[in-house]
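Taking the numbering used here, I'd label the letters of the sequence shown as residues 26 to 156.
Ideal Cβ positions, reconstructed from N, Cα and C, are used throughout, including at glycine.
Report on the following structure.
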Amino acid sequence: MVTRQFPPFKFSSAHLYDIMFTLKNDGHGVKAVLPKAYTSQYQTDLSVTGGGLIGKFNFDNFHLHWGTNYRDGSEHTINGQSFAAEAHLVYKNLETQEIAVFALFFHIVHSVYEENSEWKKYTHLGSSLTE
26 MVTRQFPPFK FSSAHLYDIM FTLKNDGHGV KAVLPKAYTS QYQTDLSVTG GGLIGKFNFD
86 NFHLHWGTNY RDGSEHTING QSFAAEAHLV YKNLETQEIA VFALFFHIVH SVYEENSEWK
146 KYTHLGSSLT E
């Protein structure tokens, strides 16, 4: 393994605001894209630079991967370990057509004290989406 240091990524301030997305069932999972009416307005506002990237990368989509149990849903592993789910935030450099993908891994924590009511709103949403 080669370890390298990179400067920090810089996410635009538009990431701090509520933005509406369209959720789609792409046959493999849930994909979120900007609605067509908002694409030209927000796509270049949601951007990332730095971190070793050359140029500005604009938001393209985010999508989720999950499995049938809480241990084996991620598309990738870390040191051989799978995770419950994996999210990919995809950004694209509109000049070079290069993409940058940020992966987030989900680990399920079972709590006897409280249930996460916010997250529960979305857990069964994927099966009700159509293409």
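Can you tell me which of the three DSSP states L59 falls into?
Three-state DSSP puts L59 in coil, outside helix and strand.
For H88, count neighbouring Cβ atoms within 10 angstroms of its own Cβ and tell me buried if that reaches 16, exposed if not.
buried
Over the uninterrupted beta strand (DSSP E) stretch that includes G75, give me the two end residues.
Note, G75: beta strand (DSSP E), S72 to G75.
As a quick exercise: from I103, L48 and G105, pick the residue whose alpha carbon is nearest that of N86.
L48
Please name the residue in I133, F46, T102 and V27 whose C-alpha comes closest to that of I94.
Correcting the residue type first, residue 94 is Asn in the shown sequence and not Ile. With distances taken between Cα atoms, N94 lies closest to I133.
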